[in-house]
Structure formats: C-alpha cells, structure tokens
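Take a look at the structure set out below.
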Amino acid sequence: MDQHVAQSDVQRNRQFYIGDDFLYENFDPYWDQSPLKYIADAKTPTMVHVVEGDPRVPSPQSVELHMALKKLGVPTELFMYPGRSHGIPDPRNRLVKAVSEMAWMDHYVRGIGDKFE
239 MDQHVAQSDV
249 QRNRQFYIGD
259 DFLYENFDPY
269 WDQSPLKYIA
279 DAKTPTMVHV
289 VEGDPRVPSP
299 QSVELHMALK
309 KLGVPTELFM
319 YPGRSHGIPD
329 PRNRLVKAVS
339 EMAWMDHYVR
349 GIGDKFE
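Under the working numbering, the first residue of the sequence shown is numbered 239, with each subsequent residue one higher.
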C-alpha cells in the first residue's frame, strides 16, 4: 500500500480512507493496510493480471506481490499486458485473461484439469 499510494493516480482517495496524514507524513497507517505486511500468511493460489502502464494499479505492485508469493511457495501466475489504461484494452488479451482464469479455476477450485502452467 505504501508504494502503491506513491505510484498511483488515486493518492487523495487513499488518503481519505486512512486520514489526513499523507504517506510521507505518517507511514504506519499505510503499512498497516499493505498486503505485503501480511504476505507471510498467504496460502491461496493467486493469479494476477495487470496492464503494464496502468495508472491506477501500477504494474510494479503486481510484480512485487507475485514475487513475494512465489518466494513463499504459493502457487501464482502473473500476466502483464501492453497498454496504458486501467483495464485490458485489447480484446485478444481479454480472451487470454478469460481462458487462463477458467483453467485456473478448473484446477484450483473444481479440481479438474492439469496443474496450471
């Protein structure tokens, strides 16, 4: 959450939920809401889709999450798509996302199909 706030285009929105102090004035409330603070407890297989130039959810945040999960041995996949929007702009990439999510859910939720790779 800390770096996300610094990199995202919605800094004021986050500040509204956390309080008047901005990240650089009071780090603790931001760290308390950061997924990375609790990442050692993560066990759920996690698939991440991100657009490379997303101004709302900067791609370095997704890479950081993916790498932390991977280091902890949590099943994880990261898909990064070209673009500069919050959302996958290319219909072909939206199809890739849908198919990969179906295969992921088949394996991890329904218990069918090969191990996702």
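The beta carbon of each residue, even a glycine, is placed where N, CA and C say it ideally should be.
Of the candidates Asp270, Tyr262, Ala280, Val286, Val286 places its Cα closest to the Cα of Ser338.
Per DSSP, the beta-bridge partners of Glu315 are Met285.
If you draw a straight line from the Cα of Ile326 to the Cα of Tyr319, it comes to about 7 Å. Distance between Ile256 and Asp270, taken at the CA atoms: about 10 Å. Tyr262 has its alpha-carbon roughly 24 Å from the corresponding atom of Gly291.
The alpha carbon of Lys308 has as its nearest neighbour, out of Arg322, Asp279, Pro296, the alpha carbon of Asp279. In this chain, the alpha helix (DSSP H) harbouring Leu307 covers 297-309.
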